[in-house]
Structure formats: C-alpha cells, structure tokens
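Chemist: Please find one structure pasted underneath; my questions will follow.
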Amino acid sequence: MKQYKYNLDKSSKKFVCPKCNKRTLVKYKETETGNYLNEDFGRCDRETNCGFYSTPTGEFKNTFEVVNIPKPKPSFHNYDLVSQSGRNYKENNFIQFLKTIFTETEVKDAILKYLIGTSKRWNGATIF
C-alpha cells in the first residue's frame, strides 16, 4: 500500500476557496506532520460551479515521496481449534439457511471447503 506525502484532509473542516470565496475548500495535509498546506492547494466542493482543484505539484514536485508500507503477515488459527467447531450443524443458523437453497451434498461440500463451524459462545453463530 502506498502512502503519499500530501493527502486531502479527511475531516469535515472547510476553508475559504480562493476562487469562489465560499467556505467549501478542502486543503491538502502533510501526512507526516498533519500540517495544512496553504490555500493554494486544495479542492473546492463546488465542482460544477467553481471547479477549483490544485494539487501540490510544481515547487513541491521534487519533494513527493512514496512510502511503501509493508503488508502485515497473515495469521493462522490452530487447526485443532478449527476442527473442534465442526459440529452442532443443526443449531447453526447459516447452515440451516444454506439447506433451504442448496442440496444436502452441496452444503456438505461448502462446509468442508470453507471449514464452516458452529460457535460454542453464541447459539447458532457461524465460524469460518
């Protein structure tokens, strides 16, 4: 996943647009510090009437850095714990629903393929 040095502010805070003078401007924010860039860079919410949209390029062109964020490593459940949930299908609401739509064989295949189980903690809850 890429993270850019500048992003449009995700909050609902609006500033005065330099083109239409309405309080509809969303400013760019520096990702690392959280500081706003000046009014020259941002996007006006009045796209059809005003159309102001200025990205931080030009003088900032050489300062853009793309930071690669490492993907988190996947975690896996212990198979013994997963296999313990493979019972009480008569109480499993999801399995009972699948049986109204599909044949018994198709439901059994889905249970084996996706390791669908039933929770001990909540009656009828599905684990997969």
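To get my numbering, take the position in the sequence shown, counting from 1, and add 1. C-beta atoms are modelled at their ideal positions from N, C-alpha and C, and glycine is treated no differently.
Is residue 28 buried or exposed, if buried means 16 or more other CB atoms sit within 10 Å of its CB?
Modeler: The residue given as residue 28 occupies position 27 in the sequence shown. So residue 28 counts as buried.
Chemist: Please work out which residues of its chain come closer than 6 Å, Cβ to Cβ, to residue 40, disregarding the five sequence neighbours upstream and downstream, and give them in chain order.
Modeler: Translated into the one-based positions of the sequence shown, residue 40 becomes position 39. So the qualifying residues of the chain are 19.
Chemist: Verify whether the separation of the beta carbon atoms of residue 79 and residue 119 is less than 8 Å.
Modeler: Position 78 of the sequence shown, counted from the first residue, corresponds to residue 79. Position 118 of the sequence shown, counted from the first residue, corresponds to residue 119. No, Cβ-Cβ distance for residue 79 and residue 119 is not below 8 Å.
Chemist: Start and end of the beta strand (DSSP E) containing residue 113?
Modeler: The residue given as residue 113 occupies position 112 in the sequence shown. Not the beta strand (DSSP E): residue 113 falls in the alpha helix (DSSP H), residues 105 to 115.
Chemist: Within a Cβ cutoff of 6 Å, which residues of the same chain sit near residue 102, ignoring the five residues on either side of it in sequence?
Modeler: Numbered from 1 along the sequence shown, position 101 holds the residue referred to as residue 102. Excluding positions up to five away in sequence, the list is empty.
Chemist: Looking at C-alpha atoms only, which residue of 30, 22, 87 is the closest neighbour of residue 47?
Modeler: The count along the sequence shown starts at 1 and reaches residue 47 at position 46. Closest option to residue 47, Cα to Cα, is 22.
Chemist: Roughly how many angstroms lie between the CA atoms of residue 122 and residue 113, to the nearest whole one?
Modeler: As a first step, residue 122 is located in the sequence shown; it is residue number 121 there, counting from the start. As a first step, residue 113 is located in the sequence shown; it is residue number 112 there, counting from the start. When rounded, the distance between both Cα atoms is 22 Å.
Chemist: Quickly, what does DSSP pair residue 128 with across the bridge? List them, please.
Modeler: If you number the sequence shown from 1, residue 128 lands on position 127. DSSP output for residue 128 lists 118 as bridge partner(s).
Chemist: So for residue 38, helix, strand or coil by DSSP?
Modeler: Against the sequence shown, residue 38 aligns to sequence position 37. Residue state, collapsed to three classes: coil.
Chemist: Pull up the distance between the alpha-carbon of residue 1 and that of residue 5, whole angstroms please.
Modeler: Nothing about residue 1 can be reported from this structure: the residues present for the chain run from 2 to 129 only.
Chemist: Of all the options 95, 115, 57, which has the alpha carbon lying nearest to the alpha carbon of residue 37?
Modeler: Numbered from 1 along the sequence shown, position 36 holds the residue referred to as residue 37. When each option's Cα is compared against that of residue 37, the closest is 57.
Chemist: Three-state secondary structure (DSSP) at residue 80?
Modeler: Here residue 80 refers to the residue found at position 79 when the sequence shown is read from its first residue. Helix at residue 80.
Chemist: Based on the DSSP secondary-structure assignment, which residues constitute the bridge partners of residue 26?
Modeler: Translated into the one-based positions of the sequence shown, residue 26 becomes position 25. According to DSSP, which records beta bridges pairwise, residue 26 is partnered with 16, 45.
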